[in-house]
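For reference, the structure is listed below as structure tokens.
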Amino acid sequence: WLGHLAGVGATSAMKAVGSWNTGGAFAAVGNNGFSYNDNYKGKRSSDGIEKWKEKLVGIMQSAPKMGEAAFRSTWEMTRPMIVFGSDTVSKKERKERKEAWMHAARICIIGLVTYKTLLRSRFASISPSSYTARGSFARIGIPAPPNFNYATSSQRKTIEQIGKWWGCHTCGSRMLFSNIANKGVPKFHGDHIPPVSVAKQMNERWVRRKLGWKVSQKFYPQCRNCSNKQGGLLSKAISAGHRNLHSVGGGEESYFHGRRMRIGHMAGGLVAVLSVGNVESRDDIGENGEVRIAEASRARVLYYQEGARDFATSIGQRVENFLRSFR
Numbered sequence: 013w014l015g016h017l018a019g020v021g022a023t024s025a026m027k028a029v030g031s032w033n034t035g036g037a038f039a040a041v042g043n044n045g046f047s048y049n050d051n052y053k054g055k056r057s058s059d060g061i062e063k064w065k066e067k068l069v070g071i072m073q074s075a076p077k078m079g080e081a082a083f084r085s086t087w088e089m090t091r092p093m094i095v096f097g098s099d100t101v102s103k104k105e106r107k108e109r110k111e112a113w114m115h116a117a118r119i120c121i122i123g124l125v126t127y128k129t130l131l132r133s134r135f136a137s138i139s140p141s142s143y144t145a146r147g148s149f150a151r152i153g154i155p156a157p158p159n160f161n162y163a164t165s166s167q168r169k170t171i172e173q174i175g176k177w178w179g180c181h182t183c184g185s186r187m188l189f190s191n192i193a194n195k196g197v198p199k200f201h202g203d204h205i206p207p208v209s210v211a212k213q214m215n216e217r218w219v220r221r222k223l224g225w226k227v228s229q230k231f232y233p234q235c236r237n238c239s240n241k242q243g244g245l246l247s248k249a250i251s252a253g254h255r256n257l258h259s260v261g262g263g264e265e266s267y268f269h270g271r272r273m274r275i276g277h278m279a280g281g282l283v284a285v286l287s288v289g290n291v292e293s294r295d296d297i298g299e300n301g302e303v304r305i306a307e308a309s310r311a312r313v314l315y316y317q318e319g320a321r322d323f324a325t326s327i328g329q330r331v332e333n334f335l336r337s338f339r
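Shown next, in the form of structure tokens:
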């Protein structure tokens, strides 16, 4: 939802002043330089530095107008959602409120679909990484042998390649500036998930012993720092006789990665691109321009909903016709 509002605000701001080279705070003059639209007409500069100074001044001059347009459009998008009460609210306002909340629900669904399908991210990756479970940065794992053996040489090479691409599954580090590989030491270890001591404890539970269920493990790349941290936590917990080793690496001991960018963080930007309406003309800004932008955005999102509904209907009809062919 925040990404959607950012897209609406950015669209309003850019449309309020036009593009940077045409119709905005400054415009291109021929091929030789730029001149200001208002107070600096007729002035040209062939010097590249002067051009950028003019651009910077133009941006600064346009900033209040851009900010005002962005605020008006985002307020218009959220205003009907905060209309409450039953006595003073008109029928028109109740209809606007319903449409606004439905639009917000559609945006949230688009965000979830974008996060899960387009960006292939997990909801668990939002939370801090536990040292005794699959980390927030885990993408690809290799099946581990059932006898708790270490990774083979070929598996270690594969784990090293996965680590170079996706980083440590716990902290996300790709060890780009580490020179340990030059010393013949791999940058990433093949981390058993769940760890061996955790898997053994889980296998000893009476339900698994009675049913013969064994915990399956995978190898994930893990950097040396996280591996040492994991080993220290488990050693301390085993010495203390901890009865639930799986929870040892979580909670306060988990790795906080809130400042590290991940591909899932692009979901808001993609939602902004997908949900901004087709406002192609500066005529759509101006008086009541923020209303038109909000309406265009709602119309685009509603178009996605209708397209998804038509697609689901066509799939259902195909399945129904396929089943009828066997009757």
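Residue numbers (this note's numbering): 13 to 339.
Cβ atoms here follow ideal geometry from the backbone N, Cα and C, with glycine treated the same way.
Check	Outcome
Among the residues of its own chain, which have a CB less than 7 Å from the CB of Val285, if the five just before and after it don't count?	Gly19
May I have a chain-ordered list of the beta strand (DSSP E) segments no shorter than 3 residues that lie completely inside the region 195-263?	200-205, 230-235
Pull up the CB-CB distance for His269 and Ser190, whole angstroms please, since I reckon it's below 8 Å.	Going by Cβ atoms, the distance from His269 to Ser190 rounds to 19 Å, so no, they are not a contact pair.
Would you list the residues sitting across from Ser141 in a DSSP beta bridge?	Tyr267
What number of angstroms, rounded off, separates the C-alpha of Ala211 from the C-alpha of Val227?	6 Å
Assuming His201 and Phe149 make a contact with CB atoms under 8 Å, what is their CB distance in whole Å?	Their Cβ separation, rounded to whole angstroms, is 15 Å, which puts His201 and Phe149 out of contact at 8 Å.
Distance, Cα to Cα, Arg151 vs Asn161?	22 Å
Write down the C-beta distance between Lys199 and Glu172 rounded to the nearest angstrom, noting that I regard them as a contact closer than 8 Å.	7 Å
Please report how far the alpha carbon of Gly262 lies from the alpha carbon of Val125, in whole angstroms.	28 Å
Which partner residues of Pro155 appear in the DSSP bridge assignment?	Lys230
Roughly how many whole angstroms lie between the Cα atoms of Ser24 and Lys128?	29 Å
By a C-beta neighbour count over all protein chains shown, 10 Å radius and 16 as the cutoff for buried, is Tyr232 buried or exposed?	buried
For Ala145, which option in Lys248, Tyr315, Ala324, Glu265 has the closest C-alpha, if you only look at C-alpha atoms?	Glu265
Using 8 Å as the cut-off, can you tell me whether the region 106-121 makes contact with the region 84-95, which would need three or more C-beta pairs spanning the two stretches below that distance?	yes
Express the C-alpha separation of Arg84 and Arg304 in angstroms, rounding to a whole number.	11 Å
Straight-line CA distance for Thr100 to Leu14?	29 Å
Are Tyr316 and Ile119 close, meaning C-beta to C-beta below 8 Å?	no
Would you mind sorting Pro207 into buried or exposed? The rule is 16 or more other CB atoms within 10 Å of its CB.	buried
Sort Ile250, Lys230, Trp87, Ala252 by Cα distance to Gln341 and report the nearest one.	The requested residue 341 is not part of the displayed model; the chain covers only 13 to 339.
Would you please state the rounded distance, in angstroms, between the beta carbons of Leu245 and Tyr143? I believe it to be under 8 Å.	6 Å
In angstroms, rounded to a whole number, what distance separates the CA positions of Glu105 and Ser287?	23 Å
Under three-state DSSP, which class holds Cys183?	coil
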